[in-house]
Structure formats: C-alpha cells, structure tokens
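In our numbering, the protein residues as written are 3 to 667.
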C-alpha cells in the first residue's frame, strides 16, 4: 500500500509540474518588452553616454539578453547599453518597475540620465558588494518617466572571466506588483522541485534501513539530498532568511563540487561496479577545492573557477553513458531507462553551460532534467525491487511445492509401503527365530520380492507426487505430430495405425506426451486382454485422439477394469498409483480421457490432445438438409510459425499462368 501511495504521489507531482509550472502573465500588467536586437552598446569607461549631447547613432547594435564578453573577450572595463522606449499617457499613470534578468557582475541603471538602481539596490542606496546571478527589480519614479520617448541606459562592470552582461530575461517594464509576483512565482516553482527531491531522498533513505543490502538506495537518497541542497541554496527565497550573498554562494558551490562524486557513486552501486582507481583522490580533490574557497574569500574567484571546473561534468556524464551502454549490451535491468535519463541530462548540462556563458538565450532546463532523471531512476529502482520480490515469491512457491511434495510422498509411502515393510519385518523376525535356516530359503526369497516391489512402488510414488505438485506444463515445444509419434510408440508392444493430416503439429510438453503414451501402452491391466489396438485419428477441429480398443473374451474382465478406472479410490494399490500418474499427466497436458464399454467385451479408451492443423486442410462437415443451418465448428487458432510455413508452401507450389491474348487464326 505504501508503494502504491508513493507512485501516485510521484506521478501526480510529475504531471503537476509538467502542466502547471508555466504561469500566465496578465498582459495588462506588461507595459513594454525591452529584449531584442535594437540595443546600442558602448565599450568605454567614460560616462559621456549619459550626456544629452551624446550621439547614439554611433553606437554598435547588439542583442539583449546576451553575454557581452563574447563580443570583446580582451576588454575589461565598463560596458554601456542603451535603448529608447515610448510611454503612453495611460501607461504613465501606473506604478511601474524595470525587471531585469540575471546580471553578471554589477550594474547601474539610468532612466533619462537618473540612477534608479545599482547592484540590486533601488536608487543605489546601500548596494550589495556582490549580487551577480540574481534578477533585478528597480522601481521607476513616476515623475521621472516622460509621456513619449524615454532613454534607458545600463552600465555593466564585470571581472568575471566568462560572463559580462544581462545573461537571461525577462527584460521589461511592468507594474511593480507583477514584477514581485513573477520573481516570487519562479522561486516557488523551484522550491516545489526541491520538495520532490527531498521526498525522493527520504523515501529511499527509509527503504535502505529496511533493505541494508541495497546500497544503491542509500547512494540515490544522498544524491537527491545533495542536489536538493544545491537547488535550495540557489533559490531567491533564502535571501529573506539569510541576506548574505557570500555565505549562500559558498554553500551553493560546496554542494555543486561534491555532486558529481555522488552521481558516480550511485551509478556504481546501481550497476554493482567497483570504484575506479583514483576515485578517492577525486573526492579528496573536491574537498580540497572547498577548503580553497574557505581561504580565498572571494565569490568572483569562485565563479571563475567553477566556470572552468564545470567542463569536466561532460567527462562524468560520458563515463556514465559508457558504463550504461556496456550494461545495456549485457541486458542489465534498468540500463535502458538510465541511458534515456542520461541523454536528457547531458542535453541540459550542455544547455546550462551555453546559457551561463551567454551563447544561448533560453530558459534553463537543468532542474527539469534532474527531476526527470530522479523520477526515471526511481521507477528503475522500484522495478528492480519488484523483480527481486517476484524472485523471492517464486522461491517461496518452490519451497512451498517442495513441502507439498514431501507431504505427498510421506502420505503415499505410509499408504503403500507401511504394509509391505511390516510384512518384511515379520518375515525377518521369523527367519531369525527359526532354527532350520537352511530350510527357509523361500522365506528369504519372499523378503527379496517384497523389497523389489517397494523399490518399484517408490519410483511411482515420487513421480505421482511430483506431478500433483505441478500446476502447469514447465516447457512446451512445437513439432510435427507424425514424425514425433512414430518415435514414441513401441512397435513391438502394440499394433497401431495413424490417420492424421501430415501437416498436423502439436504445441505441448513432448516429454509428458511421450510418458502418457508409453504408460498407456505398458499399463499392466491392459496386458490381460487378448487384443490391444491403437488408432490415432483426428476430429473436425484438428485435435488428435489416441483410441485404444481392448478386447477380452470374458466380459467380466472388461467390466471390472472399466469400474476400476472410473471409481474414486479409497485404498491405494500399485496399479492405482500408475493410473493416477496417467490422469495427472492428462491434467497437465490439458487433454481429455474417456472410457466406454462396447458390446460388453470391448473397452474403448479415448485420449484427446489439442493439435494445430492448417485451416485449409480441415475437411468440411457433410450436413443433411435438416441440419444445414447449424453452425460450423470453430477451428483452433494455429500458431504463427505454422501460418508462415503454410503461406510459404502455398507460394512455392502456386503456378502463375499468363493468359494468351493472341487471336486464334
């Protein structure tokens, strides 16, 4: 029940995130969208761009959002971007704010030459020392905006090695309330992801304590826990609790540095792999980097280091794909699901690297890809658990069958052997107490005969017990019936004839069919009859029938055997055990056996076994006019292999005659 509840929560959460994580923005709250390809850019430390005399026509044109470091990698200094926008009278009456995406590294924002924000601080009052990677919201004073044309100028300063500029959107002028709600909504969506990571981590952590040998449960829960902590440290909500950029950035990078090792460890536990040679050194190296971050108290240095460090994540993913591909070739369970999850994760990591460097202007899909990875691997782990549970259940069933087999053997031994053993014991006691042992050789022979009969009965008891425990045929095979049956029937013991379609095939346990035919031919009571003939025929449905016809000059013998075959036994005898074996084989084969007395002297035994015959080979029923409306018997559905053979044979034997269109002379 707990597992079912877990799956319901998992599936519900996945669809909830899939369909409801896109927030629809009220277009009436959006005044202007400023992103686009019509921004002017100016690489210069001078602030002359703020002057009214500055000629904006001399500016180069660029796209925002983008990474300006890609435009001039050698330049280190102030980067200015400029854009003009128009405000209508209706828009001018609203309380507006400028909403910017993630900025790297620091910014100063001017509207009509007046500073309205600096480094995540409205109007530049007490700006943050570090605020890179955080979205910006700057309220625009009502009296600062003009009805008509306005000018927006943003100054970017960045000492980051790979990033400079407004890397992500949105870039727009909206109502102040919409700007706050938009950022808050994005943060809450990320928190929902974190909640799912924590839920999955807790679920497998609890399961690990119940199944201590499942190391992959522990490593998977640790992996989910590390990533949830990493995502939580990136979320904007935590600034309401701890407004300290350096501490939060250090926590974020610390979890990021140990995340690849947790990922590798889970893959090794999942596929039961040994750690690679320098794995511990790799882990110690990551902790060494964390120690360096503690000593070098500079987030800019941290960012520049991570910018080069994250390239090796591609190597980690490549290792994971390589290992998974090998396991896929070995047909290891869960390898196909893991490979699918890895492909999407690799795509998202590449995309994230391009976004962080400004080569791609697109929403990040890293959180979604890792959630998909966790969900798919959760399903893979649960599937492995169910398979293990199934194996244990099968093992339990086999043990249960063994117990049942033992009980049946003991029951039949008590019923069949206790009497002969007691008789043999009494004879041995009499032999020991006798003073004329030389004259009691017949007594010794009787003991040996009793022992021999016990040996024969024991074989039948074990076979009967084994068959009674079986619920179905363990293995089926499809062969041509006639070629098979000719090898089965002992020709010296019975006269027989076969009247069966040559194309007929059987799909059943060949060992059991062989056993039941031989046991019927060699059944001891049948040896008493003067004649025992076997005719193998086929009915209109294609099923095969073994029809034994036994004749005895004394009708009482036939009647007595018929009564013995149909009665329910209260006491067991060796003959009854042999007949019980035949009935158990008939049950497992899904066959049918009938008995009938004909003219008092003949005993007819009919064993019917299902068979497969091509539909075209079946003979139609010859009906009288009075029965012409009766339904035709349904043929058994033939196996697809038989159908292909029949079609191929038909194609080979079919002649295609081309008609002669020439006119006769």
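Glycine included, every Cβ here is placed at the ideal spot set by N, Cα and C.
**Q.** Euclidean distance between Cα positions of residue 62 and residue 100
**A.** Stepping through the chain shown from its first residue, residue 62 is reached at position 60. Stepping through the chain shown from its first residue, residue 100 is reached at position 98. Computed Cα separation, rounded: 23 Å.
(Q) Give me the residue from 256, 232, 235, 337 with the minimum Cα distance to residue 272. (A) Start at 1 with the first residue of the chain shown, and residue 272 comes out as number 270. Checking every option, the nearest Cα to that of residue 272 belongs to 337.
Q: Would you kindly report the start and end of the unbroken beta strand (DSSP E) that includes residue 607?
A: To locate residue 607, count along the chain shown from 1; it is residue 605. Its beta strand (DSSP E) spans residues 604-611.
Q: Determine the direct distance from the alpha carbon of residue 516 to that of residue 469, and round the result to whole angstroms.
A: Along the chain shown, one-based indexing puts residue 469 at 467. Along the chain shown, one-based indexing puts residue 516 at 514. Per the coordinates, the alpha-carbon of residue 469 lies some 15 Å from the alpha-carbon of residue 516.
Q: Label residue 365 either buried or exposed according to how many other C-beta atoms from any shown protein chain fall within 10 Å of its C-beta, with 16 as the threshold for buried.
A: Taking the chain shown and counting its residues from 1, one reaches residue 365 at position 363. Classification for residue 365: exposed.
**Q.** Bridge-paired residues (DSSP) for residue 552
**A.** As a first step, residue 552 must be located in the chain shown, where it is residue number 550. Note: residue 552 sits in a beta bridge opposite 534, 605.
Q) At what residues does the beta strand (DSSP E) containing residue 65 begin and finish? A) For the purposes of this step, residue 65 is taken as the residue at position 63 of the chain shown. Annotation: the continuous beta strand (DSSP E) that includes residue 65 extends over 62-66.
Q.
Beta-carbon within less than 7 Å of residue 132's beta-carbon, same chain only, minus the 5 sequence neighbours each way: which residues are those?
A. To locate residue 132, count along the chain shown from 1; it is residue 130. Same-chain partners within the cutoff: 247, 248, 301.
Q: Output the distance between the C-alpha atoms of residue 623 and residue 471, rounded to the nearest integer angstrom.
A: In the chain shown, counting from the first residue as 1, residue 623 sits at position 621. In the chain shown, counting from the first residue as 1, residue 471 sits at position 469. Only weak support is given to the placement of residue 623: the predicted model assigns it a pLDDT of 42, under 50, and the value that follows is read from those uncertain coordinates. The straight-line gap from Cα to Cα measures roughly 41 Å.
Q | Terminal residues of the alpha helix (DSSP H) in which residue 93 lies | A | The residue you call residue 93 lines up with position 91 of the chain shown. Run containing residue 93: 91-94, per the alpha helix (DSSP H) assignment.
Q: If I'm right that residue 477 touches residue 511 with Cβ under 8 Å, what's the distance once you round it to whole angstroms?
A: Mapped onto the chain shown, residue 477 falls at position 475. Mapped onto the chain shown, residue 511 falls at position 509. 6 Å between Cβ atoms; contact.
Q: Let me know if residue 4 comes out buried or exposed under the rule of 16 or more other beta-carbons within 10 Å of its beta-carbon.
A: Here residue 4 corresponds to residue number 2 of the chain shown, with the count starting at 1. Low local confidence applies: a pLDDT of 46 at residue 4 is under 50, so the model's placement there is unreliable, with the coordinate-based value given in what follows. With fewer than 16 neighbouring CB atoms inside 10 Å of its own CB, residue 4 falls in the exposed class.
(Q) Which residues does DSSP list as the beta-bridge partners of residue 509? (A) Locating residue 509 in the chain shown gives position 507, where the first residue counts as 1. DSSP, once it has assigned bridges, lists 480 as partnering residue 509.
**Q.** DSSP bridge partner residues for residue 547 (one or two, in chain order)
**A.** As a position in the chain shown, residue 547 is number 545, starting the count at 1. According to DSSP, residue 547 bridges with 539, 610.
Q.
Given this structure, state the Cα-to-Cα distance separating residue 627 from residue 562, to the nearest angstrom.
A. Here residue 627 refers to the residue found at position 625 when the chain shown is read from its first residue. Here residue 562 refers to the residue found at position 560 when the chain shown is read from its first residue. Residue confidence is low: residue 627 scores 44 on pLDDT, short of 50, so the model does not pin down where it sits. Its coordinate-derived value is still stated next. When rounded, the separation of the alpha-carbon atoms in residue 627 and residue 562 is 43 Å.
Q.
So, for residue 209: in the same chain, excluding its five sequence neighbours on each side, which residues have a beta-carbon less than 6 Å away from its beta-carbon?
A. Residue mapping note: residue 209 aligns to position 207 of the chain shown, counting from 1. 219.
Q. Which residue spans inside the segment 213-254 form an unbroken alpha helix (DSSP H) run of at least 4?
A. Here the runs fully enclosed are 217-236.
Q: Answer yes if the segment 145-161 comes into contact with the segment 92-110, meaning at least three C-beta pairs across the two stretches below 8 Å, and no otherwise.
A: With the cut-off at 8 Å, the segment 92-110 and the segment 145-161 touch.
Q. According to DSSP, what are the bridge partners of residue 141?
A. Against the chain shown, residue 141 aligns to sequence position 139. 99.
**Q.** Residue range of the beta strand (DSSP E) that includes residue 110
**A.** For this step, residue 110 is matched to residue 108 along the chain shown. Its beta strand (DSSP E) spans residues 108-113.
(Q) Please report the distance separating the alpha-carbon of residue 354 from that of residue 479. (A) Taking the chain shown and counting its residues from 1, one reaches residue 354 at position 352. Taking the chain shown and counting its residues from 1, one reaches residue 479 at position 477. Annotation: residue 354 to residue 479 spans about 55 Å, alpha carbon to alpha carbon.
(Q) DSSP three-state label for residue 380, please. (A) Start at 1 with the first residue of the chain shown, and residue 380 comes out as number 378. DSSP places residue 380 in helix when its eight states are reduced to three.
Q: Closer than 8 Å by C-beta to residue 343: which residues in its own chain qualify, once you throw out the five before and the five after it? Chain order, please.
A: For the purposes of this step, residue 343 is identified with residue 341 of the chain shown, where counting begins at 1. 374, 375, 378, 379, listed in sequence order.
Q. Pairing CB atoms from the segment 138-152 with CB atoms from the segment 258-272, are three or more of them under 8 Å?
A. Taking 8 Å as the limit for Cβ pairs, the verdict is that the segment 258-272 does not touch the segment 138-152.
Q. How big is the Cα-Cα spacing for residue 193 and residue 238?
A. Translated into the one-based positions of the chain shown, residue 193 becomes position 191. Translated into the one-based positions of the chain shown, residue 238 becomes position 236. The straight-line gap from Cα to Cα measures roughly 10 Å.
Q) So residue 328 is in the alpha helix (DSSP H); what residue range does that whole segment cover? A) Locating residue 328 in the chain shown gives position 326, where the first residue counts as 1. Run containing residue 328: 315-331, per the alpha helix (DSSP H) assignment.
(Q) Can you list, in chain order, the residues of its chain with a C-beta nearer than 6 Å to that of residue 9? Leave out the 5 residues immediately preceding and following it. (A) Taking the chain shown and counting its residues from 1, one reaches residue 9 at position 7. A caution first: residue 9 carries a pLDDT of 45, below 50, which makes its placement in the model too unreliable to give a value.
Q: With a 10 Å radius around its C-beta and 16 neighbouring C-beta atoms as the bar for buried, classify residue 270 as buried or exposed.
A: Walking along the chain shown from the start, residue 270 turns up at place 268. Its Cβ being crowded by 16 or more others within 10 Å, residue 270 is buried.
Q: Assuming residue 579 and residue 459 form a contact by the criterion Cβ under 8 Å, report the distance between their Cβ atoms to the nearest whole angstrom.
A: The count along the chain shown starts at 1 and reaches residue 579 at position 577. The count along the chain shown starts at 1 and reaches residue 459 at position 457. Between residue 459 and residue 579 the Cβ distance is about 7 Å, and since that is below 8 Å, they are a contact.
Q) By a C-beta neighbour count over all protein chains shown, 10 Å radius and 16 as the cutoff for buried, is residue 83 buried or exposed? A) Residue 83 sits at position 81 when you count from the first residue of the chain shown. Buried is the call here.
Q | Alpha-carbon spacing of residue 140 relative to residue 94, whole angstroms | A | Mapped onto the chain shown, residue 140 falls at position 138. Mapped onto the chain shown, residue 94 falls at position 92. Their Cα atoms are separated by approximately 16 Å.
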